[in-house]
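Novice:
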Amino acid sequence: AQRVTQPEKLLSVFKGAPVELKCNYSYSGSPELFWYVQYSRQRLQLLLRHISRESIKGFTADLNKGETSFHLKKPFAQEEDSAMYYCALKSFGNEKLTFGTGTRLTIIP
Amino acid sequence: DTGVSQNPRHKITKRGQNVTFRCDPISEHNRLYWYRQTLGQGPEFLTYFQNEAQLEKSRLLSDRFSAERPKGSFSTLEIQRTEQGDSAMYLCASSFEGGTGSTEAFFGQGTRLTVV
Chain C
195 AQRVTQPEKL
205 LSVFKGAPVE
215 LKCNYSYSGS
225 PELFWYVQYS
235 RQRLQLLLRH
245 ISRESIKGFT
255 ADLNKGETSF
265 HLKKPFAQEE
275 DSAMYYCALK
285 SFGNEKLTFG
295 TGTRLTIIP
Chain B
73 DTGVSQNPRH
83 KITKRGQNVT
93 FRCDPISEHN
103 RLYWYRQTLG
113 QGPEFLTYFQ
123 NEAQLEKSRL
133 LSDRFSAERP
143 KGSFSTLEIQ
153 RTEQGDSAMY
163 LCASSFEGGT
173 GSTEAFFGQG
183 TRLTVV
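From first to last, the protein sequence lines are chains C and B.
The first sequence: position 101 = 295 (this note's numbering), numbered continuously.
The second sequence: position 61 = 133 (this note's numbering), numbered continuously.
In structure tokens form, the structure reads like this:
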């Protein structure tokens with residue numbers, strides 16, 4: 195069975211400081227990993243996916259198969275980054291997303 | 073708003089009553105998903121459709137739950153004989169799957185169900 199773990203429920207970071215939201219997964223095959231974000235009073239939306247290898251809103255995430263991790267990073271936090279962040283996994287040949295429990299990120303001005 | 077639309081946004085019902093939720097996906101999307109989210113948890117997969125065919129159901133989807141997508145467009149999720157444990161946010165998402173790959177899943181704003 196696949197599982198996604200986000201160890202931090204809450205994370206507070208000062209504006210301008212680096213941000214790292216942790217995500218670990220368990221899955222025996224080759225997964226597809228995603229980060230979703232939910233801003234206050236908005237719907238859940240895709241932030242980035244590992245196959246795109248993009249930087250979105252200054253965020254990046256690298257899939258580390260050895261450590262089974264997909265941590266989300268940003269070098270300089272901005273106030274508008276305050277939101278709920280969910281890591282999610284899709285297994286090969288399966289359409290469902292398995293989500294972690296989420297991390298609420300608060301940027302302190 | 074041309075995104076995924078869910079109705080109603082909120083529903084309060086008495087235990088034992090039946091409820092039905094509707095999801096209108098993005099118009100050209102052929103895949104539609106239902107998820108459930110309880111407080112402090114991430115969304116949990118319930119079921120998904122490819123056009124009108126229901127291709128996968130989670131074990132979370134008890135026999136009191138039924139989902140349909142009769143014409144491959146909008147979908148309904150019905151819960152019969154509601155229980156307090158059914159209280160949750162029900163999320164719908166849609167995506168397009170074509171020969172060259174699939175788009176991301178776009179989520180609706182959800183229907184919050186409270187069973188009293």
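All C-beta atoms, glycine included, are put in the ideal place defined by N, C-alpha and C.
For clarity, every value in this text was computed on a predicted model and none was experimentally measured.
1) Flag L238/C as yes if its beta-carbon sits less than 8 Å from any beta-carbon of chain B, otherwise no.
2) Over the uninterrupted beta strand (DSSP E) stretch that includes A160/B, give me the two end residues.
3) With 8 Å set as the bound, which would you pick, yes or no: does the beta-carbon of R103/B sit closer than that to a beta-carbon of chain C?
4) Just how far apart, CA to CA, sit Y120/B and K268/C?
5) Counting only beta-carbon atoms, is Q113/B nearer than 8 Å to chain C?
6) When the Cα of S174/B is compared with those of F146/B, L133/B, H101/B, which residue comes out closest?
7) Give the DSSP bridge partners of V91/B, in chain order.
8) Straight-line CA distance for L291/C to G88/B?
9) Applying the criterion that 16 or more other CB atoms from any shown protein chain within 10 Å of the CB defines a buried residue, is Y279/C buried or exposed?
10) Just how far apart, CA to CA, sit N79/B and C95/B?
11) Do R81/B and T183/B come within 8 Å of each other at the CB atom, strictly closer than that value?
12) Anyone know if the C-beta pair for R141/B and L104/B falls short of 8 Å?
13) Which residues, taken in chain order from the stretch 131-146 of chain B, show a beta carbon closer than 7 Å to some beta carbon of chain C?
14) Let me confirm a value: G157/B is counted as buried when at least 16 other C-beta atoms fall within 10 Å, else exposed. Which label applies?
15) Which residues mark the beginning and the end of the beta strand (DSSP E) in which A178/C is found?
16) Given a cut-off of 8 Å, decide if K209/C and E273/C are closer than it, judged by their beta-carbon atoms.
17) Start and end of the beta strand (DSSP E) containing F228/C?
Specialist: To lay it out plainly:
1) Your numbering for residue 238/C matches position 44 in the first sequence. Yes, L238/C counts as interfacial toward chain B.
2) Counting from one through the second sequence, the residue named residue 160/B turns up at place 88. If you look at A160/B, you'll find it in the beta strand (DSSP E) that goes 160-167.
3) As a first step, residue 103/B must be located in the second sequence, where it is residue number 31. Answer yes: the Cβ-Cβ gap between R103/B and chain C drops below 8 Å somewhere.
4) Here residue 120/B is taken as the residue at index 48 of the second sequence, counted from 1. Here residue 268/C is taken as the residue at index 74 of the first sequence, counted from 1. Taking the straight line joining both Cα atoms gives about 33 Å.
5) Stepping through the second sequence from its first residue, residue 113/B is reached at position 41. Yes - at least one Cβ of chain C is within 8 Å of the one on Q113/B.
6) Residue 174/B sits at position 102 when you count from the first residue of the second sequence. Out of F146/B, L133/B, H101/B, H101/B has the C-alpha closest to the C-alpha of S174/B.
7) Translated into the one-based positions of the second sequence, residue 91/B becomes position 19. V91/B is bridged to I151/B.
8) Against the first sequence, residue 291/C aligns to sequence position 97. Against the second sequence, residue 88/B aligns to sequence position 16. Spanning the two alpha carbons is a distance of roughly 30 Å.
9) In the first sequence, counting from the first residue as 1, residue 279/C sits at position 85. When all chains shown are included, Y279/C counts as buried.
10) Position 7 of the second sequence, counted from the first residue, corresponds to residue 79/B. Position 23 of the second sequence, counted from the first residue, corresponds to residue 95/B. Rounded to whole angstroms, N79/B to C95/B spans 7 Å at the Cα level.
11) Translated into positions along the second sequence, residue 183/B becomes position 111. Translated into positions along the second sequence, residue 81/B becomes position 9. Between T183/B and R81/B, the CB-CB gap stays under 8 Å.
12) Working through the second sequence from its first residue, we reach residue 141/B at position 69. Working through the second sequence from its first residue, we reach residue 104/B at position 32. Against a cut-off of 8 Å, the Cβ pair of L104/B and R141/B comes out as a contact.
13) Within the stretch 131-146 of chain B, no residue qualifies.
14) Start at 1 with the first residue of the second sequence, and residue 157/B comes out as number 85. Under the 10 Å beta carbon count, G157/B is surrounded by fewer than 16 other beta carbons and is classified as exposed.
15) Outside the displayed range of chain C (195 to 303) lies residue 178/C, so it cannot be described from this structure.
16) Counted from its first residue, the first sequence places residue 273/C at position 79. Counted from its first residue, the first sequence places residue 209/C at position 15. Yes, the pair counts as a contact, with Cβ atoms nearer than the cut-off.
17) The sequence position of residue 228/C within the first sequence is 34, counting from 1. Per DSSP, the unbroken beta strand (DSSP E) holding F228/C starts and ends at 226-232.
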